[in-house]
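K.L.:
Sequential numbering from 13 applies to the sequence shown in the working numbering.
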Amino acid sequence: MIPYSRQSIGEGDIAAVVEVLRSDALVMGPKIAEFERALAAYCGTKEAVVFPNGTAALHAAYFAMGLKPGDEFITTPMTFASTSNTGIWQGGKPVFVDIDPATGNIDAAEIERHITERTKAIVPVDYAGTPADIPAIKEIAKRHHLVVLEDGCHSLGGSLGGRKIGSLADMTAFSFHPIKPMTMGDGGAVTTDNAEYAERMRMFRLSGIRKERFEHPSDGAWYYEMQELGLNYRVTDIHCALGLSQLKKLDRFIEARNRIVARYMEELREHPALEFVHLPDGARSGWHLFPIRLKGQWAGKRREVFDALRAAGIGVQVHYIPVYLHPYYERLGYARALCPNAEAFYAAEISLPVYPDLTDQDQTFVIATLRELLS
Ligand SMILES: *Cc1c(COP(=O)(O)O)cnc(C)c1O
13 MIPYSRQSIG EGDIAAVVEV LRSDALVMGP KIAEFERALA AYCGTKEAVV FPNGTAALHA
73 AYFAMGLKPG DEFITTPMTF ASTSNTGIWQ GGKPVFVDID PATGNIDAAE IERHITERTK
133 AIVPVDYAGT PADIPAIKEI AKRHHLVVLE DGCHSLGGSL GGRKIGSLAD MTAFSFHPIK
193 PMTMGDGGAV TTDNAEYAER MRMFRLSGIR KERFEHPSDG AWYYEMQELG LNYRVTDIHC
253 ALGLSQLKKL DRFIEARNRI VARYMEELRE HPALEFVHLP DGARSGWHLF PIRLKGQWAG
313 KRREVFDALR AAGIGVQVHY IPVYLHPYYE RLGYARALCP NAEAFYAAEI SLPVYPDLTD
373 QDQTFVIATL RELLS
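As structure tokens, then:
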């Protein structure tokens, strides 16, 4: 099976991990800060804080902004469930705003009318790697004193207007799962220029413990205080060593993904049954996914096309079932047809294989199989 995405691991990555295994510190050692500095430098931010996965990173970001029961946050349904799940863990209520079908991203023009006096944050997702319109979203946030948390789990390595993803929003969360732009095995991070947010996230991942800025007088050198309800979101040096090694290759990975997508576009652009997402002006995508949508005489036949591609050995996937359609969200009271554009997008979408080591030969097979199916 040709997967829709997969990691690219080299001998250098393996050596970096083995080196840590021979060292003294396996967890919360020197590789943590080293990776955080390297990621912050790459994104052009003052701070980066690493986590065991992207879900934990998002959770910590909601904690850092002070999201609490009764607060609302505005987000998109065209995403993995973690984007809103983690806000719910902090007591917040997601308000889903429909997407712009041209990009698959939250429709910035629709946001403002969903803002209430309880809104605390706007949480856009860079669907498939396409940067959300963060400059427009920040303008709205500024008018209403809201925090912008960008879910950049698809978009590390991309940019908008010459600025790297990670440096645009108040906080940006990344995932380093094997299918994402680069991997730590499992891993995540939040980048920010806000030192207070970074400090709160570091406290959150240590069960809410501070080793300075005490509320009570210190009892002695051993003393620490648990001041807020945190979790064990510690990261290992093993994972961070892999992250450091992968980060050095990230730009090459992004180049390769762009090359593969350019070929898909060149060979499939004119196809009457296919529709693609559009990159906004000034945007560079990391192309975590390559989403196509069926139209014309193939509209409504996604299931058949999907099954036929799978049967041919092509590991396509669908991104995404709109989050509020899941039973958990249904039980919270979200109704069908809440975001018609997202539901129509979902009904037509298939993600084709795109990853740095996809061979020309395999891509030729994917294109030929798809053409034949849709002929
Ligand atoms: C992968 C992903 C996450 C969660 O990341 P994990 O590392 O799997 O926890 C969150 N949001 C989006 C959009 C993702 O694609």
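By construction, the Cβ of each residue, glycine as well, lies at the ideal position given by its N, Cα and C atoms.
1. Please classify G116 as buried or exposed, where buried requires at least 16 other C-beta atoms within 10 Å of its C-beta.
2. Can you tell me the Cα-Cα spacing of P15 and D372, whole angstroms?
3. Tell me the residue span of the alpha helix (DSSP H) that contains E23.
4. Please confirm whether any heavy atom of ligand 1 lies closer than 7 Å to the CB of T95.
5. With respect to the beta strand (DSSP E) encompassing K132, which residues constitute its N-terminal and C-terminal limits?
6. Verify the contact flag: F357, CB atom, against every heavy atom of ligand 1, threshold strictly below 7 Å.
7. Could you tell me which uninterrupted beta strand (DSSP E) segments, each at least 3 residues in length, are contained entirely in the segment 234-315, listed from first to last along the chain?
8. Can you give me the C-alpha to C-alpha distance between N353 and D119, rounded to a whole angstrom?
9. Mind checking whether V328 and I362 have CB atoms under 8 Å apart?
10. With C-beta atoms as the reference, is L158 less than 8 Å away from A185?
11. Output the boundary residues of the beta strand (DSSP E) element that contains V62.
12. Closer than 6 Å by C-beta to Y346: which residues in its own chain qualify, once you throw out the five before and the five after it? Chain order, please.
13. Can you tell me whether G99 is helix, strand or coil according to DSSP?
14. Which whole-angstrom value describes the C-beta separation of S187 and G200, a residue pair presumed to lie in contact below a C-beta threshold of 8 Å?
15. Regarding T91 and ligand 1, is the C-beta to nearest heavy atom distance less than 7 Å?
16. Nearest to L172 by alpha carbon, out of I266, L291 and D198?
17. Any heavy atom of ligand 1 closer than 7 Å to the Cβ of G200?
18. When burial is assigned at 16 or more other CB atoms within 10 Å of the CB, is F85 buried or exposed?
19. Would you decide whether D263 is buried or exposed? Buried here means 16 or more other CB atoms lie within 10 Å of its CB.
20. Using alpha carbons as the reference points, say which of I127, I123, T131 and T128 lies closest to I146.
21. Does the count of Cβ pairs from the segment 43-51 and the segment 71-90 closer than 8 Å reach three?
22. Restricting to runs no shorter than 4 residues, where is the alpha helix (DSSP H) found entirely within the segment 349-386?
P.N.:
On the basis of the coordinates in this document:
1. buried
2. 14 Å
3. E23 to L33
4. yes
5. Taken as a continuous stretch (DSSP letters only), the beta strand (DSSP E) holding K132 covers T131 to V135.
6. no
7. For the segment 234-315, the full-length beta strand (DSSP E) segments reaching 3 residues or more read 286-288 and 302-306 along the chain.
8. 10 Å
9. yes
10. With contacts defined by Cβ atoms closer than 8 Å, L158 and A185 do not form a contacting pair.
11. E59 to F63
12. Close CB contacts of Y346 within its chain, under the 6 Å cut and outside five residues either way in sequence, are with Y336 (chain order).
13. helix
14. 5 Å
15. yes
16. L291
17. yes
18. buried
19. exposed
20. Per the Cα distances, I123.
21. no
22. Restricted to the segment 349-386, the alpha helix (DSSP H) segments that are unbroken, complete and at least 4 residues in length are 352-360 and 372-385, listed in chain order.
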